[in-house]
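Below is one structure, written out as structure tokens; comments come after it.
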DNA sequence: AAAAGATTGACCGACAATCTGTCGGTTACG
DNA sequence: CGTAACCGACAGATTGTCGGTCAATCTTTT
């Protein structure tokens, strides 16, 4: 019954389960017992790989944010695109964040997961704000922006972006759209850009994303349904392993 | 040995101790045992007045934010002052927030207290953003602002205000000042106000505050020292009422 | 109106059920 | 044969519950 795996493999296994569990029940409500039971390992094994429960959380945050930051960095350093699109693209890359952390992002904003939320925001801000600031300075030089405080402007933009759209859950589509338009306009004003310049950039990006989403739509449908029914395990405890 | 008090009295007593403890050690690290031991009541008594530990936290958040919101509301509705000063005054009223919650505010931003932080921010935003939005609309009508999205602008301002100055702890004075200047400039831009108009308003308010602080400096000196040494009670319990 | 009884709600403290992190020992792999 | 993954019992601590106590207040009775 004893299965030995490489440290890296087992670590990822733990992170996978923990991520799902934290997102499902919240960091406090999901116990380390839940984790080890679902994987089928012993208590000692968990603590052989991670020094504490919070250590696991940190690793999860690191894993999720790494992708988003890398994506943003890639977009920013792609000097083929015009500056406006690089800026808006980078900001979008962090929030929409498909694939991996989607389930986490859905549940992250509940009061339960305040810690997770804060840690992700911290890391996201620390990693991306400097890049955005550099971008703004570049815009200053090229004349499309006119910002006296690039670093602070970048911070303001990112903080708002990562905090304002938390309430998505109980917001209607039209409100979200209005909020998005307001956000773009305000960014333009903060950066001293010509009005409408970022709006255009964002439209281009979204169009591009919609097209690529269209392309791989077929395979997604089944997964969607499965995820919805899976929600809560319901029957817990009552272990009977002879 | 059994001391009976009115429910309200006892509740406040619990909140006082809990607030101090949460601020000192963080919500998770402070246990309900710490609370009841320091007050000298039994477990059952605590849970007679509050249904859970989190319920206590909610009550604390409510108590603290109530003051700040009331202060902001008072400033906003004081139509004797010019609009600019009411706006900046209201924003300042929430963050500086002297007296009551000061000790809490000092400790609130540590990763330990993510939950407290989030709950306070939520309540603060929900309570004040509508007021600020109304103020912006008033400014639109009187011609000093030109904002197409007053509600969203207010939200952006408040979110940034309550999140950006979290790192005060490890920031140098000059950085804070720079950040403050940038913040004001960015607000002016977001609201489409004439540049410098809010800067002036803030200077007036700060001057006024400094003066009033000067006035009651004499009586405060003793208290100040007392409070500093008071920090940790150290000797707990040991009540002897014959 | 005073005494006796009943009701209410603050208060108590033992207890169940968890949860986290530790530690000495075991087993598989290189 | 040593290192590192793995195990599971255990200590210590925490939250919330529950039946029961006690004092103050209201009601009834004499």
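Protein chains in written order, with the numbering used here: chain D, 1 to 242; chain S, 243 to 484.
Don't be surprised by glycine CBs; every beta carbon is placed ideally from N, CA and C.
- For the stretch 153-165 of chain D, residues whose beta-carbon sits nearer than 8 Å to a beta-carbon of chain S comprise 153, 155, 156, 159, 160, 163, 164.
- Contact between the stretch 61-78 of chain D and the stretch 172-183 of chain D is not established, with fewer than three Cβ pairs separated by less than 8 Å.
- Taking CB atoms only, residue 47/D has no neighbour in chain S less than 7 Å away.
- Rounded to whole angstroms, the separation of the alpha carbons of residue 303/S and residue 112/D is 16 Å.
- For residue 2/D, the three-state secondary structure derived from DSSP is coil.
- Rounded to the nearest whole angstrom, the C-alpha separation of residue 208/D and residue 447/S is 49 Å.
- When C-beta distances to chain S are compared with 9 Å, the residues of the stretch 181-192 of chain D below that value are 181, 182, 183, 185, 186, 189, 190, 191, 192, in chain order.
- The DSSP-derived three-state label of residue 45/D is helix.
- Cβ-Cβ distances below 7 Å link residue 435/S to 386, 387 in the same chain, with the five nearest sequence neighbours on each side left out; the list follows chain order.
- DSSP places residue 265/S in the uninterrupted alpha helix (DSSP H) bounded by 249-267.
- A direct Cα-Cα distance of roughly 6 Å separates residue 397/S from residue 371/S.
- Comparing alpha-carbon positions, the option among 83/D, 173/D, 7/D lying closest to residue 199/D turns out to be 83/D.
- Looking at the backbone, the Cα of residue 73/D and that of residue 149/D are separated by about 21 Å.
- Assigned with DSSP and collapsed to three states, residue 171/D falls in coil, not helix or strand.
- Taking C-beta atoms as the reference points, residue 291/S and residue 244/S fail to come closer than 7 Å.
- Taking 7 Å as the CB threshold, residue 179/D lines the interface with chain S.
- Approximately 19 Å separates the beta-carbon atoms of residue 427/S and residue 377/S; this is outside 8 Å, ruling out the contact.
- By a beta-carbon distance limit of 8 Å, residue 432/S does not contact residue 333/S. Their separation comes to about 13 Å.
- Between the C-alpha atoms of residue 153/D and residue 393/S there is a straight-line separation of about 20 Å.
- Here residue 361/S is buried, its C-beta having at least 16 other C-beta atoms within 10 Å.
- Just so you know, the alpha carbons of residue 165/D and residue 457/S end up roughly 44 Å apart.
- Between residue 323/S and the set 453/S, 444/S, 454/S, 249/S, the nearest pair of CA atoms involves 444/S.
- By the Cβ neighbour-count rule, residue 272/S is buried, with 16 or more other Cβ atoms within 10 Å of its own.
- At a cut-off of 7 Å between beta carbons, residue 356/S contacts chain D.
- Residue 12/D and residue 127/D have their C-alpha atoms roughly 23 Å apart.
- For residue 139/D, the enclosing alpha helix (DSSP H) begins and ends at 114-142.
- Close to residue 326/S, with beta-carbon spacing below 8 Å, lies no residue of chain D; the smallest spacing is near 18 Å.
- Classified as buried, residue 23/D has 16 or more neighbouring CB atoms from the shown chains inside 10 Å of its CB.
- For residue 194/D, there are no C-beta contacts with chain S under 9 Å, since the nearest C-beta of that chain is about 13 Å from it.
- Shortest Cα-Cα distance from residue 79/D to any of 53/D, 26/D, 139/D involves 139/D.
- Just measuring C-alpha positions, the residue of 55/D, 75/D, 117/D sitting nearest residue 132/D is 75/D.
- Among the residues of chain D, those whose CB is under 8 Å from the CB of residue 360/S are 111, 114, 117, 118, following chain order.
- Within the stretch 383-394 of chain S, the residues whose Cβ lies closer than 7 Å to some Cβ of chain D are 390, 391, 394, listed in chain order.
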